[in-house]
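Asks: Sharing a structure, written as structure tokens. Questions coming.
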Amino acid sequence: MNLATLPKSVLRLQYKIARFPLGLIEQQLRFLPTDAPPRLMYERGLGMLDGIVGSVLDDQEIATRGALATERADAVKRAEKLDAQAAAEKRAADAELRRTRERAEAEQEAARRDREKEVQQARERAQERAKQAEKEAEQKKAAETAKADQEAAAKRRAAETAKKKDEERIRKAEEEAAEPAKVSLKDAVAKQLEAKEAEERAHDAGEVAEFEKIEHKNP
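Here is the structure:
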């Protein structure tokens, strides 16, 4: 039998009968997710078949149904591809974001270490300056103490010298003041000695005279 000689209505009916079990399989596959590969492959194959038959039989309904099924399958495929691309881009973006965050964290950590290093160096410089200032202050204090000790020693020596001079002046003044008293004392002692000698001479002269009287009385 030549299919070209058959009326298109008959061919449409035959196709519907032949397609019926394919439609049942399609109905079973609809329990799968819309993006399940077996469902998409079957729906796209069936849609292409509907499209070819609809075009041959000049059946707009069958052709439209096939085009819609093919388009839906292709749309799901494109959506999957776009989803995969979006997922890949998202993974790439996430990886780039992660790398950016890691770089930022690394830079922040480096900046933090640099700040800590600068703070430590500034602290060490401040401690060095404090030690230097303390050392200079101690040296200055030691120099001032030595100078003060020297000045105090000089003042003590000057005071001792002045004291000795004062004592010498006082001694000389006392000697000068005591000199007239010594002279008077010498004169008094000399006079007492002279008086005593005179008294002794008078006493002796008296005794001689008394003796002479006795001698005259006893010739």
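Numbering (my numbering), first residue to last: -15 to 203. Just so it is clear, CB atoms sit at the ideal spot from N, CA and C, and this is done for glycine as well. It should be emphasised that the depicted structure is a prediction, and the values quoted were computed from it without experimental measurement.
#1: Which residue from T48, R62, V37 puts its Cα closest to that of D19?
#2: What's the gap between the Cα of I154 and the Cα of A146?
#3: Counting Cβ pairs, one atom from each stretch, are 3 or more of them under 8 angstroms apart for the region 65 to 81 and the region 24 to 40?
#4: Can you find the residues in the same chain that come closer than 8 angstroms, C-beta to C-beta, to R(-4), ignoring five residues on each side of it along the sequence?
#5: Take the Cβ of D34 as the centre, count every other Cβ of all protein chains shown within 10 Å, and call the residue buried at 16 or more, exposed below.
#6: Would you mind listing the alpha helix (DSSP H) stretches within the region 92 to 157 that are 4+ residues and don't spill past its ends, in chain order?
#7: Just to confirm, is the Cβ distance from G29 to G50 under 8 angstroms?
#8: Can you tell me whether V60 is buried or exposed, with buried defined as 16 or more other CB within 10 angstroms of its CB?
#9: Residue range of the alpha helix (DSSP H) that R14 falls in?
#10: Buried or exposed: which applies to A76, given that a residue is buried once 16 or more other Cβ atoms fall within 10 Å of its Cβ?
#11: Count the other CB atoms, across all protein chains shown, that sit within 10 Å of the CB of T129; report buried if there are 16 or more and exposed otherwise.
#12: Go ahead and pull the three-state DSSP assignment for D58.
#13: Measure how close the beta-carbons of I1 and Y26 come, nearest whole angstrom, since I'm counting them as under 8 angstroms.
Replies: This is what the structure gives:
#1: The candidate whose alpha carbon is nearest that of D19 is R62.
#2: Between the alpha carbons of I154 and A146 lies a gap of roughly 12 angstroms.
#3: Using a Cβ-Cβ distance cut-off of 8 angstroms, the region 65 to 81 and the region 24 to 40 are not in contact, since fewer than three pairs of beta carbons, one from each stretch, lie closer than that value.
#4: So the qualifying residues of the chain are L41, D43, I46.
#5: Buried.
#6: None, since the region 92 to 157 contains no complete alpha helix (DSSP H) of that length.
#7: Not closer than 8 angstroms, so no.
#8: With a threshold of 16 other beta carbon atoms within 10 Å, V60 meets it and is buried.
#9: Boundaries cannot be given for R14, as no alpha helix (DSSP H) includes it and DSSP labels it neither H nor E.
#10: Counting C-beta atoms within 10 angstroms of its own C-beta, A76 has fewer than 16 neighbours from the protein chains shown and is therefore classed as exposed.
#11: By the 10 Å Cβ count, T129 comes out exposed.
#12: The three-state reading of DSSP puts D58 in helix, counting H, G and I together.
#13: That pair is no contact at about 19 angstroms.
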